[in-house]
């Protein structure tokens, strides 16, 4: 039996998937098709809402619909542990906290602060393109 991969797409991957059709879109599409398990957290969801509202000026009802879709296709975890792994951008620690709490295999990000870490404990940090190339399948441990 093949173990389903768990991954945390960061905020920028989620938002990019809404507006553009590149690798971040494909990452989210694979998750919505249940090819892997999308992990997210309330803090990540809040950041997505803030960006959609203040940076992209989307109307509340559109944001509500988009967040509803994200939640419906994700496993929402509540991190119980605070992690300080990203010194240059402490706000990114919420991505790692979510990954650790949800026992993720991957963090999918285009953020250099996260990508520079490469791996935190057992969680690999990869770009959207790298994640797609991994074919989202991983043999059981």
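Numbering (our numbering), first residue to last: 616 to 756. The beta carbon of each residue, even a glycine, is placed where N, CA and C say it ideally should be. Since this is a predicted model, take the numbers as computed values, not measurements.
- Between residue 623 and residue 719 the beta-carbon gap is near 5 Å, inside 8 Å, which marks them as a contact.
- Excluding sequence positions up to five before and after residue 744, its CB lies within less than 8 Å of the CB of 638, all in the same chain and listed in chain order.
- Only residues of its own chain outside the window of five on either side were considered, and among them 656, 658, 709, 712, 713, 715 and 716 have a CB closer than 8 Å to the CB of residue 694, listed in chain order.
- Scanning 681, 703 and 651 for the CA closest to the CA of residue 665 turns up 681.
- Excluding five sequence positions before and after residue 662, the CB atoms of its chain that fall closer than 6 Å to its own CB belong to 626, given in chain order.
- Taking 8 Å as the cut-off, the Cβ atoms of residue 631 and residue 653 do not count as close.
- C-alpha of residue 651 to C-alpha of residue 705: approximately 27 Å in a straight line.
- Around residue 728, the same chain offers 701, 703, 704 and 707 as residues with beta carbons nearer than 8 Å, after the five sequence neighbours per side are excluded.
- Only buried fits residue 721, as 16 or more other CB atoms lie within 10 angstroms of its CB.
- Going by beta carbons, residue 628 and residue 741 fall outside the 8 Å limit.
- A Cβ-Cβ separation of about 12 Å leaves residue 620 out of contact with residue 747 under the 8 Å criterion.
- Burial is judged here by how many other beta carbons sit within 10 angstroms of a residue's own beta carbon; residue 634 has fewer than 16 and is exposed.
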